[in-house]
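Residue numbers (my numbering): -8 to 128. Even for Gly, the Cβ is constructed at its ideal location relative to N, Cα and C.
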């Protein structure tokens, strides 16, 4: 983690990792990342052979959630607002273009199905056709 992890969309930037507690079947790890990609922590841990059972974001852009309960909110302090504004002004805060994905090979054309055989016709009837009924006057 501290050297970066190769992922399908490119290697991660080096991150900090600290084991908080170890258990027989699970552990608690604190990971500090410098970038945020879709499901990045889960993909990093999967690469290392570990399954993430629970994931909680404690700090984002210098704002610490502390003991804030799930679904609750709080007002930002003046210092937090100033910090966010300062981050937004930095040139590296601008979005980087996503790397071009490798073109997928075109699927092979499906073979055309063989034409279905035409149904056999009923044999022609032998004999004379029945006369048409005469209209009633």
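Self-check item: Exposure of residue 35, with buried meaning 16 or more beta-carbon neighbours within 10 Å
Solution: The residue given as residue 35 occupies position 44 in the chain shown. Looking at its Cβ environment, which holds 16 or more other Cβ atoms inside 10 Å, residue 35 is buried.
Quiz item: Is residue -8 buried or exposed, if buried means 16 or more other CB atoms sit within 10 Å of its CB?
Solution: The residue you call residue -8 lines up with position 1 of the chain shown. Buried, because 16 or more other Cβ atoms sit within 10 Å of the Cβ of residue -8.
Quiz item: How would you call residue 50, buried or exposed, if buried means at least 16 neighbouring beta carbons within 10 angstroms?
Solution: Here residue 50 refers to the residue found at position 59 when the chain shown is read from its first residue. Its Cβ having fewer than 16 others within 10 Å, residue 50 is exposed.
Self-check item: Neighbourhood of residue 11 by C-beta distance below 7 Å, restricted to the same chain and skipping five residues each side
Solution: Numbered from 1 along the chain shown, position 20 holds the residue referred to as residue 11. So the qualifying residues of the chain are 19, 20 and 21.
Quiz item: Around the Cβ of residue 68, are there at least 16 other Cβ atoms within 10 angstroms (buried) or fewer (exposed)?
Solution: Walking along the chain shown from the start, residue 68 turns up at place 77. The residue is exposed, with fewer than 16 neighbouring Cβ atoms inside 10 Å.
Self-check item: Length of the line joining the Cα atoms of residue 84 and residue 4
Solution: To locate residue 84, count along the chain shown from 1; it is residue 93. To locate residue 4, count along the chain shown from 1; it is residue 13. Confidence at residue 84 is low in this model, with a pLDDT of 49, below 50, so its placement is unreliable and the value that follows should be read with caution. Those two C-alpha atoms are separated by around 15 Å.
Practice problem: Can you check the segment 21 to 59 for any alpha helix (DSSP H) of at least 4 residues that lies completely inside it and give the ranges in chain order? | Solution: 31 to 38
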